[in-house]
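When we follow our numbering, the leftmost residue of the sequence shown carries the number 51, and every step to the right adds one.
In this text, a Cβ means the ideal position worked out from N, Cα and C, and glycines have one as well.
Since the model is a prediction, treat every value here as computed from it, not as a measurement.
Single-structure report; data block below.
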Amino acid sequence: MRRGILLLGITLLLAALAVLGSEGHAQSSSGVPQYYVSINYPVWGEVNGTPTLVKSGFYPAGTVITLPRENYTYLSPGNRLLLIPNVTFVYLKSNVSIFVKVQPQYLLNVSTAYPLTVLINGSNVSVSGPLWVNASAQVVVPPQASLLGNGERAVLLNPSSFVVNAPRTYKANWQLQYYVNVSSPYPVLVYVNGTLQTLTSGWLPGGTKIVQINPYYYLTPFERVALSPVLNLTLDSPLNYAPRITYQFLVELSQNVTVPALVDGKPSYLSTGWFDQGTQIEITAGPSNVSKGVQFYITNANPTSFTVDSYVYVKVSGYYMYFVNLTSPLNGTVNGVPGTVYSGWYKRGTLIVLNETVAVYPNGTEIVLEPSLSVIYVDSPKSVEVTKLVYYYLNVSTSFPLKAFMNGYEVTLKSQWVMAGSNVTVPPQYYYVNSTYRLELLNPEAIRVTEPTSYVARWSPEYLIAFNTSFPVNVTVNNSTCLTQSLWVPVGAIVKVNPYVQVSQGVRYQVEPFELTVEHYVPPIPIEGEKQFAVTLNGNVQWVNQGAQITLYQPIPFYETGLWVGTLSAQNGQIVTVNSPLNETLVTQVNYQYALTGFTFIASLVLSGLTLALRRR
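Structure follows, in structure tokens:
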């Protein structure tokens, strides 16, 4: 390309020399000499004070050409050419050659919240926004920090290096940091965003979580220093941490217990632990809580009163006590001494025996207290569930053994104590004295025992009445009728034997009816009966004794014939013997032989009458 531009320039120069005079200039028609201005790239400037695009050509002598030191030609929104002429002022009095340096540039769009220093082709440049960069420029964004104030700075997180050969964007990512100043003669152990480390002076990012895990530094196993306040924060400003130092000493008790004491004059509970230097402690005798349901009773401590200026060992004497919890007081013994046993604290090794306690009240109520444990050796906290059972007296009056169901179990019911809420069912039942005499329970009942209750069984005597017969008898007792050969009848009831006993469809027995009032045992009663069958003729029913003979007959005209259709299918007028139920229907039809004979007879009578009448004329 450069070779093409050079050849083009030589060609234009030769053409210009061809038209120049012997002095190297052209002559205008007005006689004013003109000189040739050669410029390799047109540039905007001023010609005699008028803005003009200055390009190669002839200009009149004395022309004043002014060019800017830099000029730009924009090719696209992020691409331009930087034009730099080698001269900026020309007073034309001879031919002039102007060289314009053409430099392509690209827009580097920089976004930053704080001042940013970059190296462009090795030169430091402070950047706060977009800037134009020469093509193929090497841009380096080095690591850097911007101090914002006392103990606060912004640190660049994304340094970079790149060559600009096209429009480009770079966004600076800054992190706010705060200075942590630690002034402590002892290490400060913390978690920094979950990582365990010793906190030292330095910069930390904003939002850092600092949690001090152990504000103590141990000088010896019995002496330590406490650092306060204890750090637990999220860093959002510079931090100066100069902890207050407190010396502490271990106070150790010989028993792993908590004892009542005055600590700096205030009632408290003392156990093995660390105390500030100069703390005043006075131990008092009495019970001290060890854990839930466990106490240690202090009988003596040595020393009893002291000031914490060094390690202190306290020898504690006493005994353990445990809490025994009873949901209700019970009768029993404590180490063999009888009495009422209550919930409370008992010395280790105590032996407690609990008895079932029964209280009976005149109204028929009984309350029974039953412990879940009967014998307790006190070697730990104990809990005894005392069950309160309420019983009511069920007073049963019966002359004979009485069966019942109590809460689903079959029992012989008698007067007894019954647990409250029990269900007692007395079902219908009989008590058999012998095979012909029994008693029926008249008042079966379902009882829910919620109070003292009485039940009187009412029995009714009955006798077995039997009939000596081969067929069931139709019997009515107390308006109830049944077919039977024997039945139980209450004393005083009237047994009525009915005259007819229909044992099946179309079959019955006819007996001699009678009545009997049951007052005592009655031997089996013989019953004789006549067996009868139902005879149905044309829908009309009549009962006929077994073995009787009947004539199946119904009058019909002489010219018809009849046939009984049904059980037997007999001729009209036929005699049959009844040994089973009969159902017959008469079916008739015309007898044509009888009908024709009758017609002939009638016709002959008519002809005879006509002949006689003609003769009389």
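Simplified DSSP assignment, three categories, for residue i
{"i": "residue 164", "result": "coil"}
{"i": "residue 571", "result": "coil"}
{"i": "residue 68", "result": "Low local confidence applies: a pLDDT of 34 at residue 68 is under 50, so the model's placement there is unreliable, with the coordinate-based value given in what follows. Reduced to three states, the DSSP call for residue 68 is helix."}
{"i": "residue 642", "result": "helix"}
{"i": "residue 116", "result": "strand"}
{"i": "residue 577", "result": "coil"}
{"i": "residue 236", "result": "coil"}
{"i": "residue 359", "result": "coil"}
{"i": "residue 350", "result": "strand"}
{"i": "residue 288", "result": "coil"}
{"i": "residue 158", "result": "strand"}
{"i": "residue 394", "result": "strand"}
{"i": "residue 74", "result": "Note on residue 74: pLDDT 48, under 50, position unreliable in the model; the coordinate value appears next. If DSSP states are grouped into helix, strand and coil, residue 74 belongs with coil."}
{"i": "residue 306", "result": "coil"}
{"i": "residue 653", "result": "Model confidence at residue 653 stands at a pLDDT of 49, short of 50, so the residue's coordinates are unreliable and nothing is read from them."}
{"i": "residue 508", "result": "coil"}
{"i": "residue 108", "result": "strand"}
{"i": "residue 321", "result": "coil"}
{"i": "residue 241", "result": "strand"}
{"i": "residue 204", "result": "strand"}
{"i": "residue 468", "result": "strand"}
{"i": "residue 478", "result": "coil"}
{"i": "residue 316", "result": "strand"}
Presumed contact (8 Å Cβ cut-off) between residue i and residue j, rounded CB distance
{"i": "residue 320", "j": "residue 308", "result": "7 Å"}
{"i": "residue 452", "j": "residue 418", "result": "About 26 Å separates the two Cβ atoms, so there is no contact after all."}
{"i": "residue 310", "j": "residue 372", "result": "About 18 Å; that fails the 8 Å criterion."}
{"i": "residue 153", "j": "residue 131", "result": "7 Å"}
{"i": "residue 232", "j": "residue 245", "result": "That belief does not hold up - the Cβ atoms of residue 232 and residue 245 are roughly 16 Å apart, past 8 Å."}
{"i": "residue 491", "j": "residue 468", "result": "About 20 Å separates the two Cβ atoms, so there is no contact after all."}
{"i": "residue 354", "j": "residue 333", "result": "5 Å"}
Proximity winner among the options, relative to residue i (alpha-carbon distances)
{"i": "residue 616", "options": "190, 587 and 213", "result": "587"}
{"i": "residue 407", "options": "428, 431, 400 and 437", "result": "437"}
{"i": "residue 511", "options": "416, 571 and 495", "result": "571"}
{"i": "residue 498", "options": "480, 472 and 459", "result": "472"}
{"i": "residue 138", "options": "149, 111, 130 and 474", "result": "149"}
{"i": "residue 267", "options": "281, 290 and 238", "result": "238"}
{"i": "residue 273", "options": "279, 261, 198 and 296", "result": "296"}
{"i": "residue 168", "options": "162, 190, 459 and 376", "result": "190"}
{"i": "residue 345", "options": "200, 608 and 394", "result": "394"}
{"i": "residue 360", "options": "323, 389, 387 and 338", "result": "323"}
{"i": "residue 564", "options": "525, 596 and 377", "result": "525"}
{"i": "residue 82", "options": "99, 630, 88 and 109", "result": "109"}
Cβ-Cβ distance between residue i and residue j below 8 Å
{"i": "residue 638", "j": "residue 606", "result": "yes"}
{"i": "residue 133", "j": "residue 93", "result": "yes"}
{"i": "residue 483", "j": "residue 463", "result": "no"}
{"i": "residue 391", "j": "residue 425", "result": "no"}
{"i": "residue 234", "j": "residue 293", "result": "yes"}
{"i": "residue 160", "j": "residue 170", "result": "no"}
{"i": "residue 243", "j": "residue 221", "result": "no"}
{"i": "residue 527", "j": "residue 516", "result": "no"}
{"i": "residue 205", "j": "residue 187", "result": "no"}
{"i": "residue 143", "j": "residue 111", "result": "yes"}
{"i": "residue 369", "j": "residue 342", "result": "no"}
{"i": "residue 410", "j": "residue 421", "result": "no"}
{"i": "residue 702", "j": "residue 275", "result": "Past the boundaries of the shown model lies residue 702; the chain is included only from 51 to 667, so the question cannot be answered."}
{"i": "residue 185", "j": "residue 225", "result": "no"}
{"i": "residue 574", "j": "residue 561", "result": "no"}
{"i": "residue 256", "j": "residue 283", "result": "no"}
Per DSSP, the bridge partner or partners of residue i
{"i": "residue 333", "result": "311"}
{"i": "residue 582", "result": "558 and 595"}
{"i": "residue 212", "result": "189"}
{"i": "residue 606", "result": "DSSP, once it has assigned bridges, lists no residue as partnering residue 606."}
{"i": "residue 600", "result": "626"}
{"i": "residue 453", "result": "462"}
{"i": "residue 516", "result": "536"}
{"i": "residue 294", "result": "278"}
{"i": "residue 263", "result": "DSSP output for residue 263 lists no bridge partner at all."}
{"i": "residue 436", "result": "421"}
{"i": "residue 326", "result": "298"}
{"i": "residue 139", "result": "116"}
{"i": "residue 194", "result": "Bridge partners of residue 194: none, in fact."}
{"i": "residue 367", "result": "350"}
{"i": "residue 564", "result": "547"}
{"i": "residue 389", "result": "382"}
{"i": "residue 131", "result": "123 and 154"}
{"i": "residue 252", "result": "230"}
C-beta neighbour in chain C for residue i, strict 8 Å
{"i": "residue 628", "result": "The chain labelled as chain C is not found in the depicted structure, where only one protein chain is given."}
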